[in-house]
Amino acid sequence: MKKYWQSIEAYNSLKNNHEIAEDKVSEFSVEGMSEEEKKGETSRRDFLKMLGFTVGGAIVAASCETPVRKAIPYLNQPQEITPGVANYYASTFFDGNDYCSILVKTREGRPIKIEGNELSPISKGGTSARVQASILNLYDNNRLKGPTINRESIDWNTLDTQITEKLQLLAIQNKEIVLLTSTIISPSTKKMINDFLNTYPTAQWITHDAISYNAIRKAHETQFNQAVIPSYDFSKAALVVGFNADFLGTWLSPVEFAKQYSAARKLLNGEKTMLRHIQYETTLTITGGSADERTPIKSSQEKTILLNLFSTLSNSLKGTVYSLSDSSVNVTALANELLENKGQSIVVSGSNDIETQLIVNAINNILGNYGSTLDLAHPSQLKQGNDEAMISLMERMKNGSVGGIIHYNTNPAYNYPEAKKYIDGLDKIELSISFAESMDETAMLCQYVAPDNNYLESWNDAEPKIGFYSMTQPTIKNIFDTRQAQDSLLKWMGATQNYQRFIEKYWEENLFNKQSTHLIFKSFWNQSVHDGIFVSEEKLSANYSFNEAALKATEVSTKKGLELFLYEKAGIGSGNFANNPWLQELPDPISMASWDNYLCISPSLSKQLGLSTEDVVSINNKFEMPVLVQPGLQKDTVAVALGYGRTSAGKVGNQLGTNFYPFIQIKNDLRKTFGSNVNIEKLEGKTYPLALTQTHNTMEGRSLVRETTLDKFTKDPASGNEQHALDAAKDATLYTKPEFTGFRWGMAINLSACIGCGNCVMSCQAENNVAVIGKKEVRNRRIMHWIRIDRYYSEESDNPSVVHQPVMCQHCDNAPCENVCPVAATPHSGEGLNQMIYNRCIGTRYCMNNCPYRVRRFNWFEFANNNDYDYNMNNDVGKLVLNPDVVVRSRGVVEKCSLCVQRIQEKKLLAKKENRQVMDGEIKMACQASCPTDAITFGNMLDPKSEISKVNKNPRNYHLLEHVHTLPSTSYITKIRNKKS
Amino acid sequence: MYKKQVRGVLVEGNKTYGQITRDITTTLYAKTPLWWYIASSISSIAIIVGIWAVYTTISVGIGTWGVNNNVAWGWGIINFVWWIGIGHAGTAFSIFLLILRQKWRTSINRAAEAMTVVAVICAGMFPMLHMGRIWDAFFILPYWNTRGPLWVNFNSPLFWDVVAISTYLMASAVFWYIGMIPDFATIRDNTTSVVKKRIYGFFSFGWIGSARGWLRFEAVSLLLGGLTAPLVVAVHSIVSMDFATSIMPGWHTTIFPPYFVVGAIFSGFGMVLTLMIIVRKVFKFQDYLTQSHFDAIARILTFISLIMATAYTTELFMAWYSGAEYEMFTFMRNRVTGEYTMAFWTMITCNAIIPQLFWFKRIRKNITIVFIISIFINIGMWFERYVIVVTSLSKDFLPSSWATYSPTSVEVGIFIGTLGIFTLGILMFFRYLPMMAISEIKGILKKTSK
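Residue numbers (my numbering), protein chains in the order written: chain U, 1388 to 2368; chain P, 696 to 1145.
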């Protein structure tokens, strides 16, 4: 290239440089170089060296390649799916026990989270722990992948042909075909079953519930001539008296009751009265824990106490008086209180004893509760199980008169008390079919298994109460080669239409005329599917007369020895979800134990027998079981949870705990969860590890959960919260307080509302991809839950007062965890969030030590893709449940509640896109959204009009450990009990 | 006029300079004794156990330890602080006694410094192994980066630890090495082995023993001593701040820095005592490690033990006097009484009570008893760290989170491994380096020998 010069100097220097360049002197020494090297040429040696290096390098680089994970784009993108944006579909959860109207959140076509459907007048947007966890059942790799015959897979056509042939043959032979189902609340399914019964005239439909509520129906049949369970309305009641009915945890319709109950007990908007709750129960439940007064009773004495109560009431109201032996507890005060609240009280009993239920009905009747708090016009459709029919079925099976049996959503080989007899009877049946989703105990014994879809893959409807309808729609195409049970039945009765069409037709014929909003059916149908809810406009009135004479009560024969009381746990329930690791790991809200059932014994009995928690006893000299000392348990009773000891639930649920269904007693044609007696004997020196998540039970006099009574509260709203003012007066700091602009997120938890049910724990687990760690690690106190519910006992150990306190990261403005992290992996955001940067964390765990709330969790192991933790994060199907907005944490990093930052971000972006402010209440935390008691408030604390700002101004508001001066963004609201002084 | 002899005779046996050189360097030329092989083998086995434990920790996870969500620190940190404490002896010995012109240090300081270097290496391993993601350990260094740049958190005591410990390790190693230069030269000049001549010759940096050389040597020693003295105080003060700057009851106290420094010197001197008694016995150095040496150390230990007792009492008093309910609980119901009583009273007995026996001259003179007491001090100081780390974490603010902690075989294995590294390091030192400062002993020979 030609060079141009600008001045003479430049020209000279250019020229000189040129000369120097021409004077070829090597820059480096050439001494020792070969001739080729001196010339700058490549020798053969160098060439080989370079070749070796290149090839070697290429090999090394190539072998370091990370495994390729393919993301396949849509060939034709569905119109309704925007990648990264969630779609919600209204649906209904019903597993044979609990009903709940839900919204299913789907991302890129897969359901990942369940929220409550706020349109439902029954569940009102609440869910339960089991509903939240049910999403994981969909991705259970243990589900059947296709139909089987004698446990070998076949195709659906062969199955259909064979079964239809056999059914027709049985019908011709005039042999009985039994359709054994759980409670069915779907009107369409009921219609379809009727059609089935018409097609096969020898068919019989029998309903079997794992835990029977048959006595309530029977009692109503005797006294009101209607075999129903009334619908209870706690919101209309001023006084609730429960007898062994855990209506907030497991009894009948806990989500519905918790919504009504908590709404009447929050006292946030200047109310001066609150629902009063008195509980008589055998073992401590969350319902008893929430009660204002609780009395431990022997379950066998329940009837005597109730009859004495009835007689006292009846005596005051000049009615018939019955007499049995005296009640073990004084009921005069209770009777007076009930009389004060005539027509606005509810008395419920969880007993499956007909006489007990007759007395309960008589009490409710004499108090005038029917028609006000108890509704017979819209009776509950739940729990239709018929014990008598089951007993006679057992007889017929024994005789060999049953030719075929079809099991739908029922597992009697596990949960029928005389399972052995049932299994023997099943042997004699020619055709046995199960619709089980996985190879459960009954399906194992059936010839044909025609696996049902998960409810999230199904069309269905539900009528939990007469006149209230709820819709189930599929949110994903069936993952495995399964088919909805209703479709199978339709096939086998020769129908050509599918079940979806069937429902549509049913709604058109039967429900369309019960409304006036829509003129065309299609619009009614679309609206119903969209809302998931339909309430009939038909006015129903209860037409009943009470038959007083039907009341009868016989003396209870008292047996010596320890009474056994069987109960359900809030998480595991009847055991149908035993293979769900989330539910197994959910600590029981009262005992704080997970992954097991155990023999609960009272503190006084433990002293008497020298037993402590984790000791092992032998029961009736037959089998062994660990012991858990349960304060509040009646002292002559031992209690065990049902739903454990599954043998064919799946790899998670098998062989956990002991099956206690065989201890259910069949008396007077009813199955009772109490009444059998057991002998226990201590096995010296033998212990069994229990996975408890909390081992210290009292608050040690620390002001953690602040409590007051209604009387004191009405005099001074800040009562019980005196410490708050004292601490505020001492509040001093050398540092400037952090200031925020725009947003400052805060949360408040109303301890008066919280019942400790565990829904928030499950909801958080689903939302935030929280790992399951298994029993051993839970016992090592390493549970990963981002939100935990602390449970404290106070007062005497025989009947303690119980409080629950949900604790998650408090997002302190003066966070002790933040300044100790050496790598700044946990900084404070400009919106007041305490953030956790996983990628930066090196795992010194200093932050965990310095957190006074102990909410930080460490990934002690790799919990995903690790065969040692073979739960949902270790298989490709199970991983589909993961929320794509939340990263799965790797080994060695700390994690904790993020205040659902992904939810905040989503709504902030939405508001930005729509060019508006974020509205108050628009962002909901996972724990908050589906809380059945609406205990949690969340919002922007800088907005003076927001709900959270109002709640924070409430004199009941305080921070946990506020004297430590961590300045948390999360606050608590004092608990109020309606105690009579 | 009668002149009271303050210090006893420091070099016995009426040695000449040549004798001293010969005495101390004999071990270097002699055939390696059998016991050395045996001891080294045992140490190596311990190291292999440690390697297994470290491998398990790194490949499986911290979950293999006994720590949990509530007691997130355990043996890892206890042993870290314990080793750091032991690592205080050498530098404290050399430097404080150098500054205080205590002549008797000369026959001990070399070994004590060697001990320091090895102990600090052992200590330094724990914070690393204790990390959840050791492969990202470099995040803790403040290096210029493309992440923003993203700096470390200069407020975190763990970062101060990194700085303090690495500085301390380097300073003590340099101090130790420079002290050895004249002795290396001596060996170079005396040895007949060509290999040794070359190696020691290399490390002696061409030392010829000129007056100018000695002048500079003395100046550098003093300068380094002056620089390292504050470090001794700083390192353990900073380690104590890992606890003191937190908010945990039982940790959040202002007494911690002096209390930790004194505690560290206490444990360091205890370990020096243990070691020197063994050296004296094994290498028959009775002439150089005399009764009066042990007498001097024992007196110091008595004094420090009293300081420790004062610190313990002050902590208890402050817990009561402050009226803070969590402090009260931690001290009175979780240390003095409660589940961890055994650890607490072991600590008190070993650190505050047993060393008081040194008030009696007869006990100070009995080397066996002195040896046993020195072991008690080592145990007591380990338990002190155990009490601090575990009791405060196990029962803190919310009773719902109270949990217990017990170590697993992996944690114990790592500790055994560091014990192996320590003993093997010391054995190597015995075998290949002059274990007493020959030149310095010669310097005090005239005034204090008999």
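Glycine is no exception: its CB is placed at the ideal position from the N, C-alpha and C atoms.
Proximity of residue i and residue j at Cβ, strictly below 7 Å
i, j, result
"residue 1049 of chain P", "residue 1071 of chain P", "yes"
"residue 1055 of chain P", "residue 2239 of chain U", "no"
"residue 1981 of chain U", "residue 1972 of chain U", "yes"
"residue 1796 of chain U", "residue 1533 of chain U", "no"
"residue 1822 of chain U", "residue 1882 of chain U", "no"
Interface residues of chain U facing residue i [CB-CB closer than 7 Å]
i, result
"residue 768 of chain P", "2232, 2236"
"residue 831 of chain P", "2229"
Partner residues on chain P for residue i, Cβ-Cβ distance less than 7 Å
i, result
"residue 2284 of chain U", "Here the premise fails: no neighbours, minimum Cβ distance about 14 Å."
"residue 1879 of chain U", "Neighbours of residue 1879 of chain U on chain P: none; closest Cβ ~52 Å, over 7 Å."
Exposure label - residue i; buried when at least 16 CB within 10 Å
i, result
"residue 1986 of chain U", "buried"
"residue 696 of chain P", "Only weak support exists for where residue 696 of chain P lies, its pLDDT of 45 falling under 50; the coordinates are left without a value."
"residue 1888 of chain U", "exposed"
"residue 1629 of chain U", "buried"
"residue 2168 of chain U", "buried"
"residue 768 of chain P", "buried"
"residue 926 of chain P", "buried"
"residue 841 of chain P", "exposed"
"residue 910 of chain P", "exposed"
"residue 1814 of chain U", "exposed"
C-beta neighbour in chain U for residue i, strict 7 Å
i, result
"residue 941 of chain P", "yes"
"residue 835 of chain P", "yes"
"residue 824 of chain P", "no"
"residue 853 of chain P", "yes"
"residue 818 of chain P", "no"
"residue 827 of chain P", "yes"
"residue 1098 of chain P", "yes"
Chain-ordered neighbours of residue i on chain P, where CB pairs are closer than 9 Å
i, result
"residue 2189 of chain U", "Near residue 2189 of chain U there are no residues of chain P at all, since even the closest Cβ is about 13 Å away, more than 9 Å."
"residue 2108 of chain U", "Chain P residues near residue 2108 of chain U: none, gap ~18 Å exceeds 9 Å."
Interface residues of chain P facing residue i [CB-CB closer than 8 Å]
i, result
"residue 2203 of chain U", "941, 942"
Interface partners of residue i on chain U, CB under 9 Å
i, result
"residue 1014 of chain P", "Under the 9 Å cutoff, chain U gives no residues; its nearest Cβ is about 15 Å from residue 1014 of chain P."
Beta carbon proximity, residue i to chain P, threshold 7 Å
i, result
"residue 2348 of chain U", "yes"
"residue 2169 of chain U", "yes"
"residue 2319 of chain U", "no"
"residue 1328 of chain U", "One cannot answer for residue 1328 of chain U here, as it falls past the ends of chain U, which runs 1388 to 2368."
"residue 2210 of chain U", "yes"
"residue 1914 of chain U", "no"
"residue 2083 of chain U", "yes"
"residue 1863 of chain U", "no"
"residue 2364 of chain U", "no"
Closer than 8 Å at the beta carbon, the chain U residues around residue i
i, result
"residue 1160 of chain P", "The shown model of chain P, from 696 to 1145, leaves out residue 1160 of chain P, and the question about it has no answer."
Open item on the list: Residues of the region 1077 to 1095 of chain P in Cβ contact with chain B at a cutoff of 7 Å, in chain order, please.
Closed with: Considering every chain present, this structure includes no chain B. Its protein chains are U and P.
Open item on the list: Beta carbons nearer than 7 Å to chain U: which residues of the region 744 to 769 of chain P have them?
Closed with: 755, 756, 757, 758, 763, 764, 765, 767, 768
- [ ] Compile a chain-ordered list of the residues in the region 2174 to 2188 of chain U whose CB is closer than 8 Å to at least one CB of chain P.
- [x] 2175, 2177, 2178, 2179
Open item on the list: Counting only Cβ-Cβ distances shorter than 7 Å, please list the residues of the region 2259 to 2282 of chain U near chain P, keeping chain order.
Closed with: 2278, 2279, 2280
TODO: Taking only beta carbons into account, state which residues of the region 2134 to 2157 of chain U come closer than 7 Å to chain P, listed in chain order.
DONE: none
Open item on the list: Against chain P, which members of the region 2238 to 2257 of chain U pass a CB distance test of less than 8 Å?
Closed with: 2239, 2240, 2241, 2243, 2244, 2245, 2246, 2247, 2248, 2249
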